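According to my numbering, the stretch in the sequence shown is residues 284 to 689, in order.
Yeah, the Cβ is synthetic: ideal placement off N, Cα and C, and Gly gets one too.
Keep in mind it's a predicted model, so treat the numbers as computed, not measured.
These notes are about the structure you will find just below.
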Amino acid sequence: MKKIYSLLSVLVMALLPVNLSAATTCFRGSPYLQELSCDGVSVVFENTEPTFAWVELRKKGQAIVTKYYQDVEGQHQVYDYLQAPSAALPVQNFVIRINGLSVATEYEYRICSQRIDEMKPYSATFSTQYASDWYSFRTLDNKATSHSLLVLSDMHNRPATLEKFLTALNPLSADHIIYAGDMMDNMQVAAPSGTALQAEDPYSSFINVSSGSFATQKDFCMLRGDHETKGDAADYFERYFPHLSGKLYNAYRWGDLEIVLLDGGEALPDDDPTARNTILAAYNAYRREEARWLEQLVQTTEYQTAKYRIVVSHLPIPNATEDEAQAGAKFFADLMTPILNNANVDLLVCGHLHPETYTFTEATESVTFPTLVQGYNSALRIDVADGKITLKVIDENGTVLLQRTL
Numbered sequence: 284m285k286k287i288y289s290l291l292s293v294l295v296m297a298l299l300p301v302n303l304s305a306a307t308t309c310f311r312g313s314p315y316l317q318e319l320s321c322d323g324v325s326v327v328f329e330n331t332e333p334t335f336a337w338v339e340l341r342k343k344g345q346a347i348v349t350k351y352y353q354d355v356e357g358q359h360q361v362y363d364y365l366q367a368p369s370a371a372l373p374v375q376n377f378v379i380r381i382n383g384l385s386v387a388t389e390y391e392y393r394i395c396s397q398r399i400d401e402m403k404p405y406s407a408t409f410s411t412q413y414a415s416d417w418y419s420f421r422t423l424d425n426k427a428t429s430h431s432l433l434v435l436s437d438m439h440n441r442p443a444t445l446e447k448f449l450t451a452l453n454p455l456s457a458d459h460i461i462y463a464g465d466m467m468d469n470m471q472v473a474a475p476s477g478t479a480l481q482a483e484d485p486y487s488s489f490i491n492v493s494s495g496s497f498a499t500q501k502d503f504c505m506l507r508g509d510h511e512t513k514g515d516a517a518d519y520f521e522r523y524f525p526h527l528s529g530k531l532y533n534a535y536r537w538g539d540l541e542i543v544l545l546d547g548g549e550a551l552p553d554d555d556p557t558a559r560n561t562i563l564a565a566y567n568a569y570r571r572e573e574a575r576w577l578e579q580l581v582q583t584t585e586y587q588t589a590k591y592r593i594v595v596s597h598l599p600i601p602n603a604t605e606d607e608a609q610a611g612a613k614f615f616a617d618l619m620t621p622i623l624n625n626a627n628v629d630l631l632v633c634g635h636l637h638p639e640t641y642t643f644t645e646a647t648e649s650v651t652f653p654t655l656v657q658g659y660n661s662a663l664r665i666d667v668a669d670g671k672i673t674l675k676v677i678d679e680n681g682t683v684l685l686q687r688t689l
């Protein structure tokens, strides 16, 4: 988290109105949910003017409203105004974590903000207040024995195509949505001079479409693809897609399903001059750290007692490429393959390779888990129940390309 600046709490609370207007002009778009669990959720949103913000929450059907803030080192997060000249940094981005919720319970929430007109060392001046519409979500059931997952990847800034896939998949009918990387061509918020690189931000690329479809009600897991390592906003990836672990690789226990989400970083070798500059790239050391984490994870009770184990990675595992431009991706796969070979993995899903539709490979002696490579023009639904994992691959029109039960 970036440093925030002092506000006297008493002054802030005295200035906040009891009733907020329904104006929504300060919100860049609808909020979206991250890391929804059986007892908590993160609400993420970004504003278009300097603000102080919070989330109001109530159980469905109840009138009691509780306020939640993004607190950092004892202070409520506010507009990070000193960073305003930086176009890359989401200067008015808020990540508000709500914990202590009840299991499998429906809640309603809205995002609220108040404009900050002036910040001084011992005071602040506020004016217009805003409130969004009310949205709802349901916390997860930690005893779930059936699961439905949607996996999409490699949209590469094709929001219209993403919208078609989401319409065909009906994400509100699924339990979990996973974006397996390269949803963008790059995280370049400000168009750089002297290059052909175009400006592109996460909202216009895929967040707005996601919020309009499902993400105000269900969270999505966003894996970093190699294209999300590029651009002036790449270093702020976790401001958009936060993780309680503080890491971009994570594992979650959803009922009797263990899901492992890996982060391969850049596909290029560290010494490639286009890999965030040869001075800045340090992905191999990062991958070794991740491999040590994975080795420990697969020995945990949480992992070993799961009935089902699914792994998702943007970069393919394994990877037999001899292309020197993909040396980073191969290094990653060579680290992870032997660990996963001994981890009783039921399915691995990845992207990156851009087959026209998909590639499915059965388990073998050398690779002990089946692998599905997500296509450039396909999406995947996984249904897990009764000891079976059913895969359905579709195109953007909803035509079924593969239906298979493992």
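Cβ contact check for the stretch 616-626 and the stretch 649-657: 3 or more pairs under 8 Å: With a cut-off of 8 Å, the stretch 649-657 and the stretch 616-626 count as touching, because enough Cβ pairs lie within range.
So what does DSSP say about ARG522, is it helix, strand or coil? Residue state, collapsed to three classes: helix.
Can you check DSSP and say which residues form a bridge with GLU339? BP columns for GLU339 point to LYS350, ARG393.
Evaluate contact between the stretch 347-363 and the stretch 305-323, counting only Cβ atoms and requiring at least three cross-stretch pairs below 8 Å. Between the stretch 347-363 and the stretch 305-323 there are fewer than three inter-stretch CB-CB distances shorter than 8 Å, so the stretches are not counted as touching.
Buried or exposed, going by whether 16 or more other CB atoms sit within 10 Å of the CB of TYR405? With fewer than 16 Cβ atoms within 10 Å of its Cβ, TYR405 is classed as exposed.
Would you check if the stretch 541-550 and the stretch 521-532 touch, i.e. whether three or more CB-CB distances between them fall below 8 Å? Segments in contact, yes.
What does a CB cutoff of less than 8 Å around GLU483 pick up in its chain, not counting 5 residues either side in sequence? Sequence-distant Cβ neighbours of GLU483 in its own chain, meaning closer than 8 Å and more than five residues away, are ASN440, MET467, ASP468, ASN469, MET470, GLN471, VAL472, GLY514.
Nearest candidate by alpha-carbon position, reference THR682, set GLU605, LYS447, GLN582: Closest option to THR682, Cα to Cα, is LYS447.
Looking at the secondary structure, which residues open and close the beta strand (DSSP E) in which ARG687 lies? Secondary structure note for ARG687: its beta strand (DSSP E) is the uninterrupted segment 683-688.
How big is the Cα-Cα spacing for ARG522 and PRO485? The straight-line gap from Cα to Cα measures roughly 11 Å.
Suppose you measure from the CA of LEU384 to the CA of SER419; what does that come to, to the nearest Å? Between the alpha carbons of LEU384 and SER419 lies a gap of roughly 14 Å.
Can you have a look at VAL492 and say buried or exposed, based on whether 16 or more other CB atoms are within 10 angstroms of its CB? Buried: at least 16 other Cβ atoms inside 10 Å.
Nearest-angstrom Cα distance between SER410 and LEU689? Between SER410 and LEU689, the C-alpha separation is close to 58 Å.
Please say whether ALA407 and ILE399 have beta carbons closer to each other than 8 Å? With respect to ALA407, ILE399 sits close: the two C-beta atoms are nearer than 8 Å.
Just to confirm the assignment, what range does the beta strand (DSSP E) spanning THR450 have? That residue, THR450, is in no beta strand (DSSP E); its alpha helix (DSSP H) goes 442-452.
So, for ALA616: in the same chain, excluding its five sequence neighbours on each side, which residues have a beta-carbon less than 7 Å away from its beta-carbon? Correct list, in chain order: LEU598, PRO599, ILE600, PRO601, ASN602.
Could you name the residues of the same chain whose beta carbon sits closer than 6 Å to that of THR640, not counting the 5 residues immediately before and after it, in chain order? Excluding residues up to 5 positions away in sequence, GLY658, SER661, LEU684 lie with their Cβ nearer than 6 Å to the Cβ of THR640 in the same chain.
Go to TRP537, then tell me how far its beta strand (DSSP E) extends in each direction, as first and last residue. Counting along the chain, the beta strand (DSSP E) containing TRP537 begins and ends at 533-537.
Report buried or exposed for LEU634, applying the criterion of at least 16 other Cβ atoms within 10 angstroms of its Cβ. Leu is not the amino acid found at residue 634; the sequence shown has Gly there. GLY634 comes out buried.
Are there 16 or more other CB atoms within 10 angstroms of the CB of PHE310, so buried, or fewer, so exposed? Buried is the call here.
Measuring straight from C-alpha to C-alpha, what distance separates ASP465 and ASP509? Here the C-alpha atom of ASP465 lies approximately 7 Å from the C-alpha atom of ASP509.
Just to confirm before moving on: does the CB-CB distance between PRO454 and ILE461 stay below 8 Å? Between PRO454 and ILE461, the C-beta spacing is not below 8 Å.
For ILE672, I'd like the list of residues in its chain whose CB is within less than 8 Å of its CB, leaving aside the five on either flank, ordered along the chain. Around ILE672: TYR591, ILE593, ASP629, LEU630, ILE665, ASP666, THR688, LEU689.
Residues bridged to CYS633 by DSSP? Note: CYS633 sits in a beta bridge opposite SER596, VAL656.
Going by other Cβ atoms of all chains shown within 10 Å of its Cβ, with 16 needed for buried, is PRO475 buried or exposed? Exposed: under 16 other Cβ atoms inside 10 Å.
Which residue or residues does DSSP assign as beta-bridge partners of VAL667? Paired residue(s): HIS430, ILE672.
Taking the alpha helix (DSSP H) that MET505 belongs to, which residues open and close that run? MET505 -> not in any alpha helix (DSSP H); beta strand (DSSP E) instead, spanning 503-505.
Minimum C-alpha distance to ARG393 - residue among ILE381, THR642, VAL434: In terms of Cα proximity to ARG393, the closest of ILE381, THR642, VAL434 is ILE381.
Per DSSP, cross-strand counterpart(s) of THR644: Beta bridge pairing from DSSP links THR644 with THR654.
In its own chain, which residues sit with a C-beta less than 8 Å from the C-beta of ASP553, not counting the 5 before and 5 after it? The residues are THR561, ALA564, ALA565, TYR566, ASN567, GLY611.
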